[in-house]
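There are 2 protein chains.
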Amino acid sequence: MTLRITIADVAKKAEVSKSTVSQFLNGRFEYMGIKTRTRIEKAIKELDYQPNVVARSLKKKTTSTIGIIVANILHEFSTQVIRAIENVCHKNGISTIICNADDNPEKERIYIETLLAKQVDGLIVVPIRRNSDIYEKLVDENFPIVFLDRLVEGLPIDTVLLDNETASRIAVNHLIENGYERISIVTTSIIENITPRVERINGYKKALESNGLPIHLDYIKAMDITQLGEGINEIFSLREPPDAIISGNDLTLMEILKYTFENNIEIGKDVGLITIDEVSFSQIHNPPLTTVAQPTFQMGKETATILLNKINNKVDNQHSFIHRYKPTLIVRNSTQKEGVTNE
Amino acid sequence: MTLRITIADVAKKAEVSKSTVSQFLNGRFEYMGIKTRTRIEKAIKELDYQPNVVARSLKKKTTSTIGIIVANILHEFSTQVIRAIENVCHKNGISTIICNADDNPEKERIYIETLLAKQVDGLIVVPIRRNSDIYEKLVDENFPIVFLDRLVEGLPIDTVLLDNETASRIAVNHLIENGYERISIVTTSIIENITPRVERINGYKKALESNGLPIHLDYIKAMDITQLGEGINEIFSLREPPDAIISGNDLTLMEILKYTFENNIEIGKDVGLITIDEVSFSQIHNPPLTTVAQPTFQMGKETATILLNKINNKVDNQHSFIHRYKPTLIVRNSTQKEGVTNE
DNA sequence: CTGTTAGCGCCTTCAG
DNA sequence: CTGAAGGCGCTAACAG
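Protein chains in written order, with the UniProt record's numbering: chain A, 1 to 343; chain B, 1 to 343.
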């Protein structure tokens with residue numbers, strides 16, 4: 001690779017000093033002679049000069065780059081929210097570096113360190129909750145950071161997330177209204193106290209109670225995705241199996257669908273199914289899937305906006321740290337007992 | 001944000017010079033006294049020092065970062081291949097910056113420029129074919145770059161892609177073997193001469209010919225995704241509609257499934273369906289979908305490996321520039337006329 | 001075995 | 001209105 005040309009080359013060609021070129025690059029034309037300006041412009045064009053942002057970053061101590069660390073990129077939620085974040089960042093001339101921690105705290109730690117070493121201006125993370133010490137340090141340093149989807153107690157860090165209890169309540173109520181009575185919920189493991197899972201189960205319990213329905217512990221499955229197939233089998237093997245299932249997220253949904261498919265269980269009729277988190281194929285699935293959708297786009301946008309404001313020191317100190325978003329029920333056929341016809 | 005500590009602080013604390021610390025950081029312990037070494041180690045721990053990679057990059061003229069530009073992140077192919085690339089990069093201590101050009105040449109150009117300004121060490125791109133001038137310049141500069149999925153003629157740039165004609169041939173043959181005769185193919189627009197689409201259509205034609213079947217132009221739909229719904233409708237409105245469809249990719253698949261669902265067309269029985277590119281829900285779809293899968297993981301791995309070798313100047317000049325991969329047929333029920341039972 | 005020195009490419013006072 | 005000088009944090013000879 002041939003050596004890149006620098007500001008010095010431009011200066012020489014335009015017969016001005018480096019600093020004048022620098023001023024030009026930074027849009028400070030105020031006191032610049034029009035002829036100087038055009039000479040520089042011409043030189044840049046002819047040499048096809050591209051500023052070196054690494055050098056600029058070193059000097060300015062800001063990189064116009066933020067890091068995004070998601071716990072698990074396999075969730076559609078992650079990719080959707082990332083796209084929304086990128087959108088607003090891009091509009092503001094900010095680049096993003098995306099990292100997938102794979103639900104591994106060690107990996108998360110390494111990513112945080114790497115990103116800090118890269119001098120990112122801020123961080124958005126779906127935290128795995130384990131690296132509290134690091135987060136605390138960042139807070140102490142007043143480093144711009146925003147959490148997404150998951151709460152970490154005791155840390156004054158802005159967090160954008162779903163109103164998960166409401167999501168469950170919507171799901172339960174909808175199922176009851178449609179004649180289902182024995183409602184089960186299936187989520188991934190809660191041993192790490194992951195916010196959405198815990199809250200969705202809590203919301204589920206509360207909703208059952210307020211409908212005067214009993215809470216049946218056998219109907220609650222929260223386990224690692226690799227064992228969930230077995231867990232689902234247990235539910236359906238109960239003396240009195242549920243007549244409806246709430247799927248905690250898109251990954252659990254796949255396991256449920258796999259099971260019902262393999263066992264010829266007819267969704268809607270044999271068992272009602274509603275899933276939290278919209279999925280790409282919900283409309284073309286047979287039957288189409290009723291979902292409780294998160295406003296992922298809005299949430300991503302809000303998260304990015306909060307972070308950018310922090311970076312620019314435009315923080316309103318009045319605000320609370322927790323930003324909850326309301327889910328939306330999208331009714332389709334998987335919660336209709338009488339296989340509704342299309343439209 | 002408090003000011004970060006630098007190599008100078010460590011040097012002072014450890015009572016050595018900056019260069020000694022630098023040597024330590026770069027693992028050149030060879031001539032270093034063991035006591036010096038431990039003193040430095042201690043200082044780093046105590047100060048919680050993190051090297052500034054921006055400064056290092058400026059000096060070393062290498063950033064240990066590569067850029068990935070995909071034409072359209074909505075394809076599952078993109079995300080899968082990105083994950084494979086990240087995998088091998090991560091193992092080699094290389095970071096990745098992912099950009100989605102959204103099938104927009106202008107956006108692609110800006111991303112290339114931004115990434116170069118960021119001094120990335122190399123580029124992997126799914127090219128939109130329009131910015132040939134930029135690519136040529138990069139080639140002239142001997143800048144490390146690898147293309148993925150799409151060919152750009154006349155440029156000596158390594159390209160990793162599917163053997164698309166074979167993919168179509170496999171699809172056609174499989175359909176014929178299963179008793180289908182009037183085979184249609186549906187892809188996104190080919191006005192830009194996008195390699196996979198063009199090749200898949202060519203392969204389709206050739207396969208029909210070698211099976212002694214006529215090529216029916218009405219059965220070939222290649223149009224923008226936004227109009228594809230209409231195109232599909234046209235196919236099914238023909239006097240003699242096809243009895244099987246080859247879907248060109250995952251996005252076209254969604255359109256097809258939407259149409260068949262809305263029109264109560266039974267897949268397998270009313271119309272056979274096979275899609276090129278594996279999709280997440282192929283197994284749990286009803287009926288499960290027969291696909292022609294790309295070895296995305298391998299392809300991503302190969303792409304990254306080629307690029308890293310280029311970056312490290314370990315290039316074998318003997319190689320050809322085009323690396324073709326064989327697709328795999330995954331037979332499921334969407335190509336079975338007699339609704340096969342599970343298992 | 002360790003320190004001195006001289007930049008990497010850019011930005012930013014501060015003189016002129 | 002423009003230029004000279006210093007330095008961001010780190011690395012890499014080259015002395016010692």
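From the three backbone atoms N, C-alpha and C, an ideal C-beta is built for every residue, glycine too.
None of these values were measured; they are calculated from a predicted model.
Residue 279(B) carries a coil assignment under DSSP once its states are collapsed to helix, strand and coil. The beta-carbon separation of residue 68(A) and residue 124(A), rounded to 5 Å, stays under the 8 Å limit for a contact. Note: residue 49(B) is not bridge-paired with any residue in the DSSP secondary-structure output.
A residue is called buried when at least 16 other Cβ atoms come within 10 angstroms of its Cβ; residue 147(A) meets this threshold and is buried. For residue 119(B), a Cβ of chain A is located within less than 8 Å of the residue's own Cβ.
Residues of chain A with a Cβ closer than 7 Å to the Cβ of residue 284(B) are, in chain order, 254, 257, 258, 261. Look at residue 200(B) here: in three-state DSSP terms it is helix. Residue 139(B) carries a helical assignment under DSSP once its states are collapsed to helix, strand and coil. With respect to chain B, the C-beta atom of residue 97(A) has a partner C-beta closer than 8 Å.
According to the DSSP assignment, residue 117(B) belongs to the alpha helix (DSSP H) that extends over 105-117. By the 16-neighbour rule on beta-carbons within 10 angstroms, residue 247(B) is buried. Judged by pairs of C-beta atoms under 8 Å, the segment 85-101 of chain A does not touch the segment 165-172 of chain A, as fewer than three such pairs exist. Cβ-Cβ separation between residue 180(B) and residue 140(B): approximately 50 Å, too far for a contact (criterion under 8 Å). With a 10 Å radius around the Cβ and a threshold of 16 neighbouring Cβ atoms, residue 131(B) comes out buried. The continuous stretches of alpha helix (DSSP H) do not include residue 216(B), and DSSP gives it neither H nor E. With at least 16 other beta carbons inside 10 angstroms of its own, residue 281(B) counts as buried. Restricting attention to alpha helix (DSSP H) runs no shorter than 4 residues, the segment 293-342 of chain B encloses them at 296-311, ordered along the chain. When only Cα atoms are considered, residue 196(A) and residue 203(A) end up about 10 Å apart.
Taking C-beta atoms as the reference points, residue 101(B) and residue 70(B) count as a pair closer than 8 Å. In this structure, the alpha-carbon of residue 206(B) lies about 51 Å from that of residue 64(A). Note: residue 67(A) is bridge-paired with 97(A), 123(A) in the DSSP secondary-structure output. A check of alpha carbon separations from residue 229(A) across 216(A), 111(A), 255(A) identifies 255(A) as the nearest.
At least 8 Å separates the beta-carbon of residue 157(B) from that of residue 303(B).
Residues 10, 13, 14 of the same chain have their beta carbon placed closer than 7 Å to that of residue 43(A), with the five preceding and five following residues left out of the count. The beta carbons of residue 98(B) and residue 122(B) sit no closer together than 8 Å.
Residue state for residue 229(B) is assigned as helix, using DSSP reduced to three classes. Residues of chain A with a Cβ closer than 9 Å to the Cβ of residue 105(B) do not exist, since the nearest Cβ in that chain sits about 17 Å away. Assignment of residue 29(A) by DSSP, reduced to helix, strand and coil, places it in the coil class. Contact between the segment 257-268 of chain B and the segment 297-315 of chain B is absent: fewer than 3 CB-CB pairs across the two stretches fall below 8 Å.
Residue 66(B) and residue 136(B) have their C-alpha atoms spaced approximately 19 Å apart. For the 8 Å CB-CB criterion, residue 21(B) and residue 5(B) do not form a contact. Using a CB distance cut-off of 8 Å, residue 80(A) does not count as an interface residue toward chain B.
The Cβ of residue 308(A) sits no closer than 8 Å to any Cβ of chain B. The beta carbon of residue 51(B) sits closer than 8 Å to some beta carbon of chain A.
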